[in-house]
Amino acid sequence: MEASTTTPVPQEVAGEAAAAAKRKEPVSYAKRDFLIAIEKEIAKDWEEKKLWETDAPKEGEADEPKYMVSFPYPYMNGRLHLGHTFTVSKAEYAAGYQRLKGKRVLFPFGFHCTGMPIKACADKIKREIEQFGCPPKFPEPVAVEEAEPAPEKKKADPTVFHSAKSKAKAKGSGRDKYQWEIMEEMGVPESDIPKFADAQHWLYYFPPFAMEDLKDMGACVDWRRSFITTDVNPYYDSFVRWQFETLKAQGKVQFGKRYSIYSPLDGQPCADHDRSKGEGVLPQEYTLIKQEVLAPLPEKMKVLEGKKVYLVPATLRPETMYGQTNCYVLPTGTYGAYEINDTDVFICGEQAAKNLSFQGHSKEFGKPVRLVELTGQDLIGLRLKAPLAKYEAIYVLPMLTVSLDKGTGVVTSVPSDAPDDYAALMDLKNKQPFRAKYNVTDEMVLPFEVVPIIDIPEYGDTAAVTLYNELKIASQNDKDKLTIAKDRVYLKGFYDGVMKVGPHAGMKVQDAKPLIKKELIDAGLAVVYSEPAETVISRSGDKCVCALTDQWYIAYGEPEWRAQVEAVLKDMETFGTETRHQFEKTLDWLKEWACSRSYGLGTKLPWDTQYLIESLSDSTIYMAYYAVAHLLQAGSLDGHVTGPAGVKPDQLTNQVWDYIFARADLPAETTIPVDTLKALRREFEYPLDLRVSGKDLVPNHLTFFLYNHAAFFPKERCPQGVRANGHILLNGEKMSKSTGNFLTLRDAMEKYSVDGMRFALADSGDTTEDANFLDETVDTGVLRLYTQIDWIKETIANLGSLREGEPTTFFDLVFQSEINRAVTLTDGNYERMKFREALLTGFWNLQSARDNYRLAEKQMNRQLVERFIEVQTILLAPICPHYCDYIWTKLLHRAGSVRQASWPASGPVDEALLAQNDFLQEVLHTFRIRIQNTREQFVDTANGYVYVSDEFPSWHQKAIKALLPLFNAATGEFEPDFKKKVSDALKEDTSLKADTKKVMNLVADMPNRIKADGPAAFNLAAPFDQVALLKSNQEFLREQLGLAALSIYSASDADAPDHDNKKATAVPLKPVFTFSGEKKKVEKKPAAKKPAAPKKVQNPPKNQPKKAAPAPANTN
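Residue numbering for the sequence shown follows the working numbering, beginning at 1 and increasing consecutively.
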């Protein structure tokens, strides 16, 4: 969670908002409802005027810069929720800002229906009706308490990709919810639910709700360009078929056997969008080592005589097989001897056998045959012939930490380089009772010594032994220390290890690994084996396996194609290094991607119509389709209305699409008029300027998006920017329907108002870390927006009482510079998509500047006040457009919408003047706190005394002069030993003896001061006349502090009185303040009972606005 940067809000606003947040309700229904009323009025006006419909300029018309932004079309199996809205808001704010900057903005929005989820849900409803009736009567759920599963440990092997995302399983009942119940929770009327047994019904039910919700949110979307996917829409279907025929012609779509995550129940590969758990999980490839069981076979395995029987440990490190000393199994585990073919039998766990059967290692695809059921104890003591091992035979031994859910349940032991293996071997060697418990004889263990095979810098040639001793590991149960040891050995061994044995001795491990793997496989001593890297559950509830299937796949990772993508990424704006690094990591591992499915909804592969194109593959360049969708299908979502171009779907040949997207000249054969074709091509205004998305789509959709754009378009037409964000928390907790901490977009708009919601979304966060949407922020925003409207109304009604003419006073000029600075800073924040910062600089800071100006000037300048209202209205318009348009059109009576206004001109910023004002405001704040802390000792007519110093004391100046040569202005850092050098330089100065501690404290604190103040930390004197500034505002300070009199003195003035001996304590920019007056008689009162400590708030939101000190009442 990022720290708060929100500027402090007035105490009276924050206090009321905090109380409302406790109640979990808006701070005032009246204020919220007022905003909702004006939002409806303004939204209706936008709809009538069709403000967001944008067309390319016609031939001969003047053009203006365009800006195209898009959001990944949401999947239409439910209503949009606050998570969708958070990401959509980024596109919405950017579009609003770019329109104010004079660009012709295009923000289209489509709806995704391709894939398995809708079809799977429809089939569930159909089965539930068949099984339980209509309406169904389900079995009563049994309440159960379910423990939170421990996080799955991940190996530190650098060659393994690990998914960072998995969807949580709902808890609280003994069964999953039926689909009928889920539909009821969505608000679907019971009488309508049976219609959802038809998958097509979903395509027509949810998209209109999404459109209505987004319109009410104020999204500036050109709805003429909206559509749904799948072959229901003949225009989009034609577009996707063209895309895949083009990819196939380029050799980028190929056919062959590939490993993929596969659902046995569905009978097809299970892509990310088809999963209820395990999104982002990929196949993990292992090498299965064939350890042959040597005769004689034990009695229980006699039925296997005449066959070659192997234990098959799965390893990620085939290069370590030279160091095998034994093999481990789980003594209590359930194993089986599985028939692979007529001659070979593999002994492994059931899940591994199931995976193997889908990878060609069974007589019938997907049907493993177990010849003998075995336990781990049955296997202990077997003699094995291990490929590449030094020993002629090794033994099967017990290991208590073997998992049957990962790999094959059989672990080959390499104690030289695997800390777990060495720890288990030491337990067996050192603990005779442990051996006896599992019938392990001495000859199975004691003769086997560690075999050095890899030399690793720092750890030697038996790295596991080194770390076992270094970390003082006691046994194989010392899991935390073993995890640390594994991480160190595996990473350093892969990158820095050098082989000591075998034909590749002297070669680095990372180079030898693939060679040794290939040699083992070619010699028939190993096979390739894959399984899901983590558990994957399909949306049909099936546990997935890894299958080797014939399939159409896209050849991502092909070197020349990847180089094109890397060139696009290099010049593309990612708005932060985290997203760029995530793209780079994905490009490192992404290879072939299965693009065909046999179940679900979508477009059929043009050349192999038994397959559908899967959902992540038909959604990569559809942003180009937005360019012409309005001319082809006229806003009819399913494309069954012919658009203004008059083009029929069957007229859209591949040659026509190529022309439209500037990939070819006019087609020689087409029935579409040339003028129509040219009009379609003019609408293709690529590149896409901005793509917003959740960060979880970088490893799949967004990388596919870059690959496909690089395949279809020249670099200058490829995406210019991708803005990824984290997920959003709701009041500090993960959104979850099961806990009730969940809001749809419609819920949020009704609960908070649209602009109240948008205000809090902007404040929630701008990084790739998870953001936090707070009720308290909404309440604070609603209060301030409402009171701001009241103030504007009152101010406009009393403009005649304001001072006319140009700004001339000190506070006039300060406020003028504050407005200009806000325009400049907010411009930069919007441009960088730092919307929280834009809210800070364009709203809160500007509000504070206005409030300070109201306090300082008894009669404000009319020109400045009118400019403030106009500027702040425009600066806030991208975030709170309804509120701003109400001010613009209803209060200021400006023509047109504020969203069509121009970004305000900035003007000069007098930084020196602002520094003086900052000093003045800080002085006022500090003095006010001092008065509040001691007020009860004095009457209200106290006299105040201020002492100001122009220069730092001598010891301070000498320390600064000694520090300056040791500071590197280019790097912003001191030399490493700067403290010692300053001490050495000043130790001979006897005048500093009494101030040595002060000097060294200053020296130690200088890095912090430089971070806070920049080069000004080296100043030896104040940059302006503090006494003159304070005296020119003496009456303002006296009134604000509530004093009878205020005297201001220079600390260097020998004739000035020295109240409380304060003169000597003043330093530049930090004047000291004291006061005296008639003392009150303070009566001693009995000590009050100490109040109970307040309860700690669990996980308090970190972006909660801070409270400012209370300000005196305004008199303007």
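From the three backbone atoms N, C-alpha and C, an ideal C-beta is built for every residue, glycine too.
Distance cut-off 6 Å: residue i Cβ against heavy atoms of the ligand ADP
i, result
"G805", "As for the ligand ADP, it is missing from this structure, which has no ligand bound."
N-terminal and C-terminal residue of the beta strand (DSSP E) that residue i is part of
i, result
"K257", "253 to 263"
"N326", "326 to 329"
"G694", "690 to 694"
"Y611", "Taken as a continuous stretch (DSSP letters only), Y611 belongs to no beta strand (DSSP E), as it is neither H nor E."
"M68", "66 to 70"
"Y1119", "No statement about residue 1119 is possible, as the shown extent of the chain runs from 1 to 1116 and does not include it."
"F1075", "1072 to 1076"
"A724", "722 to 725"
"S1050", "1045 to 1050"
"V754", "Note, V754: premise wrong, no beta strand (DSSP E); alpha helix (DSSP H) at 754 to 764."
Nearest-angstrom beta carbon gap, residue j and residue i [assumed within contact, 8 Å]
i, j, result
"W180", "I193", "6 Å"
"S817", "V946", "That belief does not hold up - the Cβ atoms of S817 and V946 are roughly 25 Å apart, past 8 Å."
"G280", "N725", "Going by Cβ atoms, the distance from G280 to N725 rounds to 17 Å, so no, they are not a contact pair."
"Q324", "K385", "So it is not a contact: roughly 10 Å between Cβ atoms."
"V528", "E285", "6 Å"
"P667", "Q720", "Actually they do not touch by this definition, with Cβ atoms about 29 Å apart."
"I347", "Y310", "7 Å"
"W561", "Y438", "Wrong, their Cβ atoms sit about 54 Å apart, outside the cutoff."
"V489", "A463", "5 Å"
Straight-line gap, residue i to residue j (C-alpha atoms, nearest Å)
i, j, result
"P298", "L397", "15 Å"
"M1000", "P1023", "25 Å"
"V13", "Y29", "Low local confidence applies: a pLDDT of 44 at V13 is under 50, so the model's placement there is unreliable, with the coordinate-based value given in what follows. Using only the alpha carbons, I get a separation of about 15 Å."
"E804", "Q863", "7 Å"
"P234", "V754", "36 Å"
"Y75", "S89", "17 Å"
"H162", "S357", "Caution applies to H162, whose pLDDT of 41 falls short of 50 and renders its modelled position unreliable; the model cannot decide the point."
"C220", "Y883", "15 Å"
"K252", "G96", "38 Å"
"F843", "E584", "37 Å"
"N469", "V509", "24 Å"
"D274", "W657", "30 Å"
"V450", "S416", "6 Å"
"L839", "A91", "16 Å"
"L601", "E683", "29 Å"
"Y622", "H709", "10 Å"
Option nearest residue i by Cα separation, candidates the options
i, options, result
"F967", "L986, A1017, D790", "A1017"
"V647", "M833, Q916, R663, T676", "T676"
"K734", "E61, L525, E716, F773", "F773"
"K1063", "S1050, F1075, N355", "S1050"
"A423", "D984, N326, F138, E305", "N326"
"Y853", "A748, G842, N917", "N917"
"D766", "E64, E53, F86", "F86"
"V402", "L520, T412, I394", "T412"
"H727", "W888, R928, H81", "H81"
"G576", "K695, H504, R562, G333", "K695"
"G497", "G306, E319, V372, P135", "E319"
"M1006", "D995, E975, D984, N1033", "E975"
is_contact[residue i, chain C] using C-beta, thresh 7 Å
i, result
"K50", "This model lacks chain C altogether; it includes just one protein chain."
Enclosing alpha helix (DSSP H) for residue i [first to last residue]
i, result
"T401", "T401 -> no alpha helix (DSSP H), and no H or E assigned at all."
"S89", "82 to 100"
"A1012", "996 to 1013"
"V871", "862 to 876"
request  = Go through the stretch 276 to 347 residue by residue and report every complete run of the beta strand (DSSP E) that reaches 3 residues or more, in order.
outcome  = 283 to 289, 291 to 293, 308 to 311, 326 to 329, 334 to 339
query = Can you give, in chain order, each stretch of the beta strand (DSSP E) that sits fully within the stretch 526 to 608 and has at least 3 residues?
reply = List check, beta strand (DSSP E) in window: 526 to 532, 545 to 554.
inquiry  = Could you tell me which whole beta strand (DSSP E) segments of length 3 or greater appear in the stretch 642 to 707?
reply    = 690 to 694
ask   = Which runs of the beta strand (DSSP E), 3 residues or longer, sit entirely within the stretch 362 to 439?
value = 369 to 375, 383 to 385, 394 to 398, 410 to 413
request  = Run through the stretch 892 to 972 for me and flag every whole beta strand (DSSP E) of 3 or more residues, listed as ranges in chain order.
outcome  = 943 to 948
request  = Only counting runs of 4 or more residues, tell me where the alpha helix (DSSP H) segments fall wholly within the stretch 784 to 833, in order along the chain.
outcome  = 810 to 831
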